[in-house]
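J.: Going down the list, the sequences are from chains A and B.
Taking my numbering, the leading residue of the first sequence gets 297, the next gets one more, and so forth.
Taking my numbering, the leading residue of the second sequence gets 6, the next gets one more, and so forth.
Yeah, the Cβ is synthetic: ideal placement off N, Cα and C, and Gly gets one too.
So that we are looking at the same thing, I have put the structure below in structure tokens.
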Amino acid sequence: MSRKWKVYLRATLIAAEMTLRQNVMDGFIIFTVLIQPLLIALLALWMLKAEGGEQVIFIVVGSGMTGLWSSLLFISGNSITSERWTGTLEMLVGQPTPVPVIVFGKNLANVCQSLGSMVVAYLLSAVIFGYELQIAQPLLFLISLLLGIIAFVTFGLIIAPVFVMNPAVQGWQNAMEFPVYILSGFLFPIALLPDWTTPLSYILAPYWAARALHGTSSGGASFGEVLFSWAMLLLFSAFYAGISAFLFRKMLHKTRVDATLGFQ
Amino acid sequence: MNAIEVRDLRRVYRATIGVVRRKIKEVVAVDGIRFDVRPGELFGLLGPNGAGKTTTVKMLTTLLIPTGGTARILGHDVVKEASAIRPRIGFIFGGERGLYWRLSGVDNLRYFASLYHVDPDTTRKRIPYLLDLVGLADRGQEKVEGYSRGMKQRLHIARTLLHDPEVLFLDEPTMGLDPVGARELRQVIRNLQSEAKTILLTTHYMFEADALCDRIAVINHGRLVALDTPVALKKLVSDLSVIEIEVFGIQEQALERVRSLDFVDTVAVEDLDQKQSLRVHSAAGSEAIPPLLEALDGVRMGKVVVREPTLEDAYVRLVGGNV
Chain A
297 MSRKWKVYLR
307 ATLIAAEMTL
317 RQNVMDGFII
327 FTVLIQPLLI
337 ALLALWMLKA
347 EGGEQVIFIV
357 VGSGMTGLWS
367 SLLFISGNSI
377 TSERWTGTLE
387 MLVGQPTPVP
397 VIVFGKNLAN
407 VCQSLGSMVV
417 AYLLSAVIFG
427 YELQIAQPLL
437 FLISLLLGII
447 AFVTFGLIIA
457 PVFVMNPAVQ
467 GWQNAMEFPV
477 YILSGFLFPI
487 ALLPDWTTPL
497 SYILAPYWAA
507 RALHGTSSGG
517 ASFGEVLFSW
527 AMLLLFSAFY
537 AGISAFLFRK
547 MLHKTRVDAT
557 LGFQ
Chain B
6 MNAIEVRDLR
16 RVYRATIGVV
26 RRKIKEVVAV
36 DGIRFDVRPG
46 ELFGLLGPNG
56 AGKTTTVKML
66 TTLLIPTGGT
76 ARILGHDVVK
86 EASAIRPRIG
96 FIFGGERGLY
106 WRLSGVDNLR
116 YFASLYHVDP
126 DTTRKRIPYL
136 LDLVGLADRG
146 QEKVEGYSRG
156 MKQRLHIART
166 LLHDPEVLFL
176 DEPTMGLDPV
186 GARELRQVIR
196 NLQSEAKTIL
206 LTTHYMFEAD
216 ALCDRIAVIN
226 HGRLVALDTP
236 VALKKLVSDL
246 SVIEIEVFGI
256 QEQALERVRS
266 LDFVDTVAVE
276 DLDQKQSLRV
286 HSAAGSEAIP
296 PLLEALDGVR
306 MGKVVVREPT
316 LEDAYVRLVG
326 GNV
């Protein structure tokens, strides 16, 4: 590995570490990552109590994904804006590590911590509801999780600069939370939705992540189907990375022209 | 090669006013300034609030794109070669912001050391050294949110020295510090100067600029109005005396009467709690006192002192009493 990539890797890891250290003190983040997915899982488990235990793994994985998406939308989406408010964005732009590398590290921390949502939902169903849960294809599930994390992190790299350049779009942040839960099939299959929504689901990386995770945890998907979901996740990750590189260049130029890196 | 080269640098801010009939208002913050800073020089940038000092520093530190002109740091253009400049410079802006308050001082430094590509071994040695240098050795493990303003400012100094930069931009580093803290920070700056670092310092405090700077540029309304050594700048007012009059609640009318006197060069008013200090520059010396007192008829007055001009008086003259 060249020296450049070593220093970028180190910068990514320390950005992730410092983000986690700060997040453990933040009540909003604790709500987004732990409390809200817990409530969603609780509601779904009560609703499906009469159906037996077959759907439980779907709910555990699905409610975990709601935490992942909310964390991405609210915490990673605000990752640049929050630096601007604290006056640290100027410090980050004025140093030699590219800003997307730092934001990647921050998003990685946010997405990884939100996996806590899945653990909380698992504990809830196992300890409170007494279900015995098993991941049908553990190795494939782990690979799906890893690819899902990469797709989510790169998607976060798109929304952060978009929110900085277009504060009006950020106003729709709340409205973007539940439609993605539904269109991605986090808590129930998209086959239950009207046909015209299916193309919308297909253009969302969270849908392919949910499909791979649900398929491998329940064992209801063939290897070919899982492989296809992985390919889609990789494709989306590459696409998001390309778009985000363009958006970051544009945002950093615009903020330096408009003098909006910091608030005076 | 000069460490900093500024040529006709200009920056215009545009703001939109109104909701229905939107208008674009333009404010010229920096208006074609030109200066050079030599390697190892401690160069002062002085000017009243809104003169364009911080805007200039932000353009030189690659954080703001100039509207016109050019600037080069260590031979690199601040717009086209920003990535070549950033590893070689350090900067701080006055105030408490720009740090991670929920992290400890040490964690803040670890974070920035990594971002500045300082290797882990050097980081481990450098952080205790810098914390000691800025007097935070025993507070480094505490969260920054518990630091006083002065401690935050000193942590900023440590942060900016992590990667041992060649050129430093210090924008009002002693702003808001208590006298002891400010004196200690000035000593840190002197030490940096002795390490042959190039430093561009902006400050409001004339004695600070006088004590530290090799040369001083004075800017007012975005324009450079003087550039010389502190000694040479003081000579600008060597023909004048300064008459300081303590007044209580002086009104604009009385000030206008003072300004209209033909022997008065410049008038500046400084607010001091319940009273004001009226500073009149005049070549007439103590002979100016009787007509001045006559012009201030009806204004409650305290002490009247005539003294030799200082660098601050030169500055007041250059910025036309706009302090």
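For the candidate residues A:F370, A:R552, A:M547 and A:L488, whose alpha-carbon lies nearest to that of V407 (chain A)?
T.: A:F370
J.: Using 8 Å for Cβ pairs, my map puts D36 (chain B) next to G227 (chain B). What's the rounded Cβ distance?
T.: 4 Å
J.: Excluding the five sequence neighbours on either side, which residues of its own chain have a C-beta within less than 6 Å of the C-beta of G57 (chain B), listed in chain order?
T.: A34, V35, I224 and G227
J.: From M387 (chain A) to Y121 (chain B), what distance separates their C-alpha atoms?
T.: 11 Å
J.: Using the C-alpha atoms, what's the distance from L344 (chain A) back to S359 (chain A)?
T.: 14 Å
J.: Taking 8 Å as the cut-off, does the region 537-550 of chain A touch the region 440-453 of chain A (at least 3 CB pairs, one atom from each stretch)?
T.: These segments touch.
J.: List, in order along the chain, the chain A residues whose C-beta lies closer than 8 Å to that of R144 (chain B)?
T.: By Cβ distance, chain A contributes nothing, its closest Cβ being about 18 Å from R144 (chain B), past 8 Å.
J.: Quick check: what's the CA-CA separation for A87 (chain B) versus I294 (chain B)?
T.: 55 Å
J.: What do you get for H549 (chain A), buried or exposed, if any count of 16 or more other CB atoms within 10 angstroms of its CB means buried?
T.: exposed
J.: Output the residue ranges of the alpha helix (DSSP H) runs that lie fully inside the region 281-328 of chain B and measure 4 residues or longer, sorted by chain position.
T.: Qualifying alpha helix (DSSP H) stretches, in chain order: 294-300 and 316-323.
J.: Helix, strand or coil for V84 (chain B) per DSSP?
T.: coil
J.: How about T328 (chain A): is its C-beta nearer than 8 Å to some C-beta of chain B?
T.: no
J.: Hey, Y503 (chain A) and S480 (chain A) are a contact pair by Cβ (cut 8 Å); roughly how many whole angstroms apart?
T.: About 4 Å; that satisfies the 8 Å criterion.
J.: Does any residue of chain B have a CB that is nearer than 8 Å to the CB of G383 (chain A)?
T.: yes
J.: Give the range of the alpha helix (DSSP H) segment to which R154 (chain B) is assigned.
T.: R154 to L166
J.: Short of 8 Å in beta carbon distance, which residues of its chain neighbour T328 (chain A), apart from the five on each side in sequence? Order them along the chain.
T.: G363, S366, S367, F370, I371 and S410
J.: Applying the criterion that 16 or more other CB atoms from any shown protein chain within 10 Å of the CB defines a buried residue, is G307 (chain B) buried or exposed?
T.: exposed
J.: Which residue wins for smallest C-alpha separation from T382 (chain A), given the options B:R102, B:F96, B:I97 and B:A89?
T.: B:R102
J.: Looking only at its chain, what residues have a beta carbon closer than 6 Å to the beta carbon of A332 (chain B), apart from the 5 residues adjacent to it on each side?
T.: Examination of residue 332 (chain B) is not possible in this model, given that chain B is present from 6 through 328 alone.
J.: Determine, using beta carbons only, whether H209 (chain B) comes closer than 8 Å to chain A.
T.: no
J.: Does Q318 (chain A) have its Cβ less than 8 Å from a Cβ in chain B?
T.: Yes, Q318 (chain A) lies at the interface with chain B (some Cβ there is under 8 Å from its Cβ).
J.: Taking 7 Å as the cut-off, is the beta-carbon of G103 (chain B) closer than that to any non-hydrogen atom of the ligand ATP?
T.: By its list of ligands, the structure shown contains no ligand whatsoever, and the ligand ATP lies outside what it can speak to.
J.: In terms of residue numbering, what span does the beta strand (DSSP E) encompassing L173 (chain B) cover?
T.: Where L173 (chain B) is concerned, the enclosing beta strand (DSSP E) stretches over V172 to D176.
J.: What does the alpha-carbon distance come out to for the pair A222 (chain B) and T208 (chain B)?
T.: 11 Å
J.: Find the nearest neighbour of L500 (chain A) within the set A:F354, A:L531, A:V415 and A:N319, judged by alpha-carbon distance.
T.: Considering only alpha carbons, the answer is A:L531.
J.: Could you spell out the range, first to last residue, of the alpha helix (DSSP H) harbouring G445 (chain A)?
T.: Looking at the sequence provided, one finds Ile at residue 445 (chain A) rather than Gly. Counting along the chain, the alpha helix (DSSP H) containing I445 (chain A) begins and ends at P434 to M461.
J.: Using a Cβ-Cβ cut-off of 7 Å (strictly less than) and excluding sequence neighbours within five positions of Q198 (chain B), which residues of its own chain qualify?
T.: Taking C-beta separations shorter than 7 Å and ignoring five residues to either side along the sequence, the partners of Q198 (chain B) in its chain run L47 and I204, following chain order.
J.: Among the residues of its own chain, which have a CB less than 8 Å from the CB of I255 (chain B), if the five just before and after it don't count?
T.: V274, Q281, L283, L301 and V304
J.: Against chain B, with Cβ distances strictly below 8 Å, would P392 (chain A) count as a contact?
T.: yes
J.: In whole angstroms, what separates the C-alpha of V17 (chain B) from that of L419 (chain A)?
T.: One C-alpha to the other measures close to 58 Å.
J.: Hey, could you find the ends of the beta strand (DSSP E) E251 (chain B) is sitting in?
T.: S246 to F253
J.: Along chain A, in chain order, which residues have C-beta atoms closer than 7 Å to that of G103 (chain B)?
T.: G383, T384, E386 and M387
J.: Just to check my reading of the structure: A214 (chain B) and G49 (chain B) have Cβ atoms closer than 8 Å, yes? What is that Cβ distance to the nearest angstrom?
T.: 4 Å
J.: For the region 52-79 of chain B, which residues have a CB atom closer than 7 Å to at least one CB atom of chain A, in sequence order?
T.: T66, T67, L68, L69 and I70
J.: Less than 7 Å between C-beta atoms, sequence neighbours within five positions excluded: which residues of the same chain meet that for K157 (chain B)?
T.: Scanning its chain for C-beta atoms nearer than 7 Å, with the 5 sequence neighbours on each side dropped, one finds around K157 (chain B) the residues E101, L104 and V149, in chain order.
J.: Return the first residue and the last residue of the alpha helix (DSSP H) that G323 (chain A) is part of.
T.: G323 to I326
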